[in-house]
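> Under numbering that gives the first Met the number 0, the first residue of the sequence shown is numbered 0, with each subsequent residue one higher.
Quick one: this structure, given as structure tokens, is what I'll be asking you about.
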Amino acid sequence: MPVPQDILPTLNEAQVRIVKRSTPPEFVKQRMGRGGLTLDYVEVGYVVDQLNEAFNFMWDFEIEGEKVGTTQVWVKGKLRVHVSPDVSIVKTAFGGADIKKSRETGDVIDIADDLKAASADALKKAASLLGIAADVYYPNLRNGGK
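Here you go:
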């Protein structure tokens with residue numbers, strides 16, 4: 000049975016404009032990815048700023064689980080944006096980071112920093128599912144699938 004439209008979470012026009020707007024070029028960074036590919040990304044501060052603007056600081060992010068492997072860490076995070084006192088939209092995503100090791104000794108430097116990086120990655124991914132910086136991560140979406 001379909002959900003009645005009047006109880007579906009709805010963003011107001013200002014929120015839609017914010018989450019759908021193009022990411023300003025000065026916020027798009029680049030890094031080398033696996034296989035020598037150059038990847039575009041935004042820093043987590045940009046995403047937090049957009050969430051704050053769109054939802055008037057009424058959002059939260061929760062880590063639902065984490066795993067520490069031998070070379071990487073990953074987390075599962077849940078972004079919840081509050082569109083009214085009783086209604087929220089939830090997006091869940093995974094994020095990961097390489098474990099940083101000392102060049103001299105090979106010892107792990109700080110696993111907490113690696114988990115924070117993975118958490119930031121998960122937040123950015125979840126926010127992109129909502130629409131924030133989606134043009135950076137999914138350029139074909141904004142270009143009509145071209």
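Cβ atoms here follow ideal geometry from the backbone N, Cα and C, with glycine treated the same way.
Does arginine 16 get closer than 9 Å to chain B when you measure Cβ to Cβ?
Given the protein chain composition of this structure (a single chain), no chain B is represented.
> Which word fits glutamine 49, buried or exposed, when buried means at least 16 other C-beta atoms lie within 10 angstroms of its C-beta?
Buried.
> Between arginine 147 and glutamate 61, is the Cβ-Cβ spacing less than 9 Å?
Residue 147 is absent from the model: the chain starts at 0 and stops at 145.
> When you compare only the Cα positions, how much space is there between alanine 92 and glycine 130?
Whole-angstrom Cα-Cα distance: 14 Å.
> Would you tell me roughly how many angstroms separate the C-alpha atoms of leucine 128 and alanine 96, rounded to the nearest one?
Near 20 Å, if we compare the C-alpha coordinates of alanine 96 and leucine 128.
> Report the rounded CA-to-CA distance for valine 135 versus glutamate 52, giving the unit in angstroms.
Each residue's Cα considered, the two are about 19 Å apart.
> Valine 15 and alanine 119 look like a contact to me (Cβ under 8 Å); what is the Cβ gap, rounded to whole Å?
With 8 Å as the limit, valine 15 and alanine 119 do not qualify as a contact, their Cβ atoms being about 25 Å apart.
> DSSP has tyrosine 40 in a bridge; who is on the other side?
Partner(s): Lys28.
> Distance, Cα to Cα, lysine 75 vs aspartate 112?
Using only the alpha carbons, I get a separation of about 16 Å.
> At what residue ranges does the region 38-103 contain a whole run of the beta strand (DSSP E), taking only runs of 3 or more?
DSSP runs (the beta strand (DSSP E)) wholly in the region 38-103: 58-67, 71-83, 86-97.
> Taking just the CA atoms, how far does arginine 102 sit from lysine 145?
Since pLDDT at lysine 145 reaches only 44, below the 50 mark, its modelled position is unreliable, and the value read off the structure follows with that caveat. One C-alpha to the other measures close to 43 Å.
> Quick one: give me the first and last residue of the alpha helix (DSSP H) that serine 21 is part of.
It is not in any alpha helix (DSSP H) - serine 21 carries neither H nor E in the DSSP assignment.
> In angstroms, rounded to a whole number, what distance separates the CA positions of serine 87 and glycine 35?
Spanning the two alpha carbons is a distance of roughly 39 Å.
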